[in-house]
Each structure stands twice: as structure tokens, then as C-alpha cells.
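Going by our numbering, the residue at position 29 of the sequence shown is 347; the numbering climbs one at a time, nothing skipped.
Beneath this line is the structure, given in C-alpha cells, with notes to follow.
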Amino acid sequence: MTPRPDMFAAILKADPTFDPVWQAFRNRWSAEADLPMHVAATALARHLIAKLAAKDTAAFPAIFAVVEQWLAHSDRYVRRVADIGLIEDLQNARLHKETNPDDFQPWLGPKAKAARSRVGASWLELDAKDAS
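Listed below in C-alpha cells is the structure:
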């Protein structure tokens, strides 16, 4: 099981280029007793989108294997950060300038694909309510 305080350790191992982003996040939130991991997940999403735009995807299999572990073998908090934090942000078209949310599809494992579908269904439901 991936504990909350250690959830990004495996990401840093899978993608050492995330370390400067992680360190900036830790510095920004150093006064907090509990780091807001959903904010770190947003930073990771932006980092991954930038890597995708640069066609620097060599680490993606390892990164998304970690995400799959978060979704499959973690406590509720870590799963929610992965699902609502990372997966939802990867789906956010406003964060994509040169890429598309669907471009991540080849690297998503079964749990991440299911989370992506849930997020998409939630957005469609909200859009339908807004239209009525």
C-alpha cells in the first residue's frame, strides 16, 4: 500500500525530471503539517502535459505504472489524489495547448482508464445540468 507521505517517492524514481517541480511544491507548502497532495498532482499533470508536448515520453510507462499502483493499492486519500487530482487534470482541455487529453490513452492502465471514464461521465453530467 502506498502511504500518503510517500506517494510521490515512486514518481520521482520513475521521472527524476519532476524533482525540481516537487522541490518547489515542498518549499511552497513547507509550513503545512500535511502537504496538499492534490496540488502536487496538479503540478504533476502540468509536468506530464509539458513532457507530452515535447515528445519526451520515455518515462511515461513507469510513471503511469505508479499511478496504477496508487489507484489499485492505496488508501482512499491517495486514490482520490490520483483520480480527482491527476487523472482529472490530465483530462482538462484547458491545460492542453499543443496536446490533447486523449494523447495519454496509450499509457493508462485499467484502473486509470476507469478513473478517466468516471471523470468524463461526471463532466458530461455537469454540462447537461448547466445546459438545462
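Ideal placement from N, C-alpha and C gives every residue a C-beta, glycine not left out.
Arg-322 and Val-396 have their C-alpha atoms roughly 6 Å apart.
For Phe-422, there is no enclosing alpha helix (DSSP H), since its DSSP letter is neither H nor E. Going by DSSP, Thr-360 is part of the alpha helix (DSSP H) stretching over 355–371. Counted as a single uninterrupted DSSP element, the alpha helix (DSSP H) harbouring Ala-332 occupies residues 327–332. Of the other Cβ atoms in all chains shown, 16 or more fall within 10 Å of the Cβ of Met-355; this residue is therefore buried. Secondary structure in the region 375–409: the alpha helix (DSSP H) runs of 4 residues or longer, each lying completely within the stretch, are 378–390, 394–398 and 406–409 in chain order. When DSSP reads this structure, Thr-320 sits in a beta bridge with Ser-392.
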